[in-house]
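In mature numbering (1 follows the signal peptide of the UniProt record, and there is no 0), the protein residues as written are -19 to -1, 1 to 228. Here a beta-carbon is modelled for each residue, glycine too, at the ideal position from N, C-alpha and C. The model shown is predicted, which means the values in this text are computed figures rather than measured ones.
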Amino acid sequence: MRPALLAAALSLTALPAWAEDVSVFAAASLKNALDEVAAQFIADTGNTVTISYAGSNALAKQIIEGAPADLFISANVEWVDEVEKAGLVQTRDDILGNRLVLIAHGDAQPVTMGSDTDLAGLLDGGKLAMALVESVPAGKYGKAALENLGLWDGVQADVAQSDNVRAALALVATGEAPFGIVYATDAAAEDDVTIVGEFPADSYPAIIYPAALLAGAADDADRAFYDALSGDAADAIFEKHGFSVKD
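So this is what it looks like as structure tokens:
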């Protein structure tokens, strides 16, 4: 082989394989932490990760209706169950946990959350920001907690419902609602809100985030990112953002 052709051949063999793209549908509450996990994966592998964030209910419905996604990470088990019933899950694993908190705009006095909490009095005519209470996991958890504490009937008319938990967080951060119910990790991601109370763990179902590798996932990168979600590096990032990591 002539030197010029040999050099060209060596150059071609040195080229890296084509990068693969991983398409992820993820609960809105994961944004800060999952963006960081994805950035580390991209740096380590050279693959790309495209993440669509929304309420778990909306994402599950899109997947069932045929939206192209390789992974789905929900803020509750039920919406992954629905996707699995549609025959669209290859494998799944519970990866994270979270806590439910009451937040206020700016600085506010702490509140002990219990059956004798005067939440309606705290609102004083203002709104209680929550994600959609019948479909979005954060809203469902929040409604369950309020019902179990006997507080729901007193505040139901004052609830301002949002499409996802980050939208509810934004209502409080901007002062449009004086109080809201979100995950602890959401509150930690926003400087303009204060956690004023934490709901008793036994007042709502355990908050579990399952990750699912979907039926359309065909690339090695898809499986690699799914596995990376439970790796040591991702665990450290999730814990830094306030999530609990499942064994």
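Query raised in the report: Looking only at its own chain, which residues have a Cβ that is under 6 Å from the Cβ of residue 67, when we skip the five neighbours before and after it?
Result: Residues 45 of the same chain have their beta carbon placed closer than 6 Å to that of residue 67, with the five preceding and five following residues left out of the count.
Requested in this report: Could you tell me which of 76, 54 and 83 sits nearest to residue 70, measuring between CA atoms?
Outcome: Residue 54 is the option with its Cα nearest to residue 70.
Report task. Whole angstroms is fine: what's the gap from residue 48's alpha carbon to residue 214's? Result -> Here the alpha carbons of residue 214 and residue 48 stand approximately 29 Å from one another.
Query - Start and end residues, alpha helix (DSSP H) containing residue 219 - result: Counting along the chain, the alpha helix (DSSP H) containing residue 219 begins and ends at 213 to 221.
Query raised in the report: What's the gap between the Cα of residue 220 and the Cα of residue 96?
Result: Their backbone Cα atoms lie some 30 Å apart in a straight line.
Query raised in the report: According to DSSP, is residue 189 helix, strand or coil?
Result: If DSSP states are grouped into helix, strand and coil, residue 189 belongs with the strands.
Requested in this report: Buried or exposed for residue 90, please, with buried defined as at least 16 other CB atoms from any protein chain shown within 10 angstroms of its CB.
Outcome: So residue 90 counts as exposed.
Query raised in the report: Taking C-beta to C-beta, are residue 163 and residue 149 nearer than 8 Å?
Result: Less than 8 Å separates the beta-carbon of residue 163 from that of residue 149.
Requested in this report: Please report the residue range of the beta strand (DSSP E) in which residue 29 lies.
Outcome: Counting along the chain, the beta strand (DSSP E) containing residue 29 begins and ends at 29 to 35.
Report task. Identify which residue in 196, -1, 80 and 135 has its Cα closest to the Cα of residue 181. Result -> Checking every option, the nearest Cα to that of residue 181 belongs to 80.
Report task. Rounded to whole angstroms, what's the CA-CA distance from residue 4 to residue 92? Just pull it up for me. Result -> Roughly 41 Å separates the two Cα atoms.
Query raised in the report: Beta carbon of residue 25: closer than 7 Å to some heavy atom of the ligand FMN?
Result: With respect to the ligand FMN, the structure offers nothing, as it holds no ligand at all.
Requested in this report: Using three-state DSSP, classify residue 4 as helix, strand or coil.
Outcome: Looking at residue 4 - three-state DSSP - the assignment turns out to be strand.
**Report entry** Beta-carbon gap between residue 37 and residue 56 smaller than 8 Å
**Finding:** Taking 8 Å as the Cβ cut-off, residue 37 and residue 56 qualify as a contacting pair.
Report task. Using the DSSP secondary-structure output, state which residues sit across from residue 141 in a beta bridge. Result -> Residue 141 is bridged to 110.
Query raised in the report: Which parts of the region 9 to 95 are runs of the alpha helix (DSSP H), unbroken and 4 residues or longer, counting only runs that do not cross its ends?
Result: The qualifying runs are 12 to 26, 37 to 45 and 58 to 66.
Query raised in the report: Going by beta carbon distance, what residues of the same chain come within less than 6 Å of residue 202, once the five residues before and after it are set aside?
Result: If the five residues before and after residue 202 are omitted, its C-beta is found closer than 6 Å to the C-beta atoms of 1, 3 and 28, all from its own chain and listed in chain order.
Query raised in the report: Along the chain, where does the beta strand (DSSP E) that runs through residue 175 open and close?
Result: It spans 174 to 179 - the beta strand (DSSP E) in which residue 175 sits, taken as one unbroken run.
Query raised in the report: Looking only at its own chain, which residues have a Cβ that is under 7 Å from the Cβ of residue 223, when we skip the five neighbours before and after it?
Result: Within the same chain, Cβ atoms closer than 7 Å to the Cβ of residue 223 are found at 165, 166 and 169, the five residues on either side in sequence being excluded.
Report task. Note the first and the last residue of the continuous alpha helix (DSSP H) segment covering residue 102. Result -> Per DSSP, residue 102 belongs to the alpha helix (DSSP H) from 100 to 104.
Query - Nearest neighbour of residue 143, chosen from 153, 85, 63 and 134 [CA to CA] - result: Among 153, 85, 63 and 134, the Cα nearest to that of residue 143 is on 153.
Query raised in the report: Got a sec? Which residues, its chain only, sit under 7 Å from residue 30 by beta carbon, not counting five neighbours each side?
Result: Only 3, 5, 19, 22, 23 and 206 meet the Cβ criterion.
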